[in-house]
Amino acid sequence: MAVENKHFASEAAFQAEIAQDKYKDRLIVIDFTASWCPPCQYIKPIFHRYADETPDATFFQIDVDESDELSEALGVSAMPTFQFWRNGVKVEALTGADKDKLKALIASLK
1 MAVENKHFAS
11 EAAFQAEIAQ
21 DKYKDRLIVI
31 DFTASWCPPC
41 QYIKPIFHRY
51 ADETPDATFF
61 QIDVDESDEL
71 SEALGVSAMP
81 TFQFWRNGVK
91 VEALTGADKD
101 KLKALIASLK
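The end of the sequence shown is residue 110 by full-length UniProt numbering, with every number in the run present.
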């Protein structure tokens, strides 16, 4: 499944998006990224590959500079940060471009 690039003006807009029926019981994996962040650029193609390999999960990519209010509200303080959500609840998070940990978390949570 392709990675969806998302922009949310607020936490309320984010919560409204992930509350939709199409995401019910699905794992949502979010990559909080920035264009100026070298580790983010390193992990980007890997994140896209994991999305392609995991069709039963949804993958979002959110630029922290475009969604700064949301990033702050969700506690993102370093990039890349990956958050894992299910049914409107954050179930796990990972900070850093560790491809092995990212893959293991996706596998264990899907």
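Virtual Cβ for every residue (Gly too), placed ideally from N, Cα, C.
Count the other C-beta atoms from every protein chain shown that fall within 10 angstroms of the C-beta of residue i, then say buried if there are 16 or more, exposed otherwise.
i: S10; result: exposed
i: A97; result: buried
i: V76; result: buried
i: D25; result: exposed
Return the Cβ separation of residue i and residue j in integer angstroms, given the expectation that the two are a contact with Cβ distance under 8 Å.
i: W85; j: I28; result: 4 Å
i: D56; j: K110; result: 6 Å
i: K103; j: L94; result: Contact doesn't hold; Cβ gap of about 11 Å is too wide.
i: T54; j: I106; result: 6 Å
i: P38; j: P80; result: Wrong, their Cβ atoms sit about 10 Å apart, outside the cutoff.
Whose C-beta lies closer than 7 Å to the C-beta of residue i among residues of the same chain, with five residues either side of it excluded?
i: D65; result: A34
i: D2; result: According to the sequence provided, residue 2 is Ala. The question's Asp does not apply to it. Closer than 7 Å at Cβ, skipping near neighbours: A51.
From the DSSP secondary-structure annotation, give me the bridge partner or partners of residue i.
i: F32; result: I62 and T81
Near residue i, what residues of its chain come up, given a Cβ to Cβ distance below 6 Å and the 5 sequence neighbours on each side ignored?
i: L70; result: F8, E11 and F14
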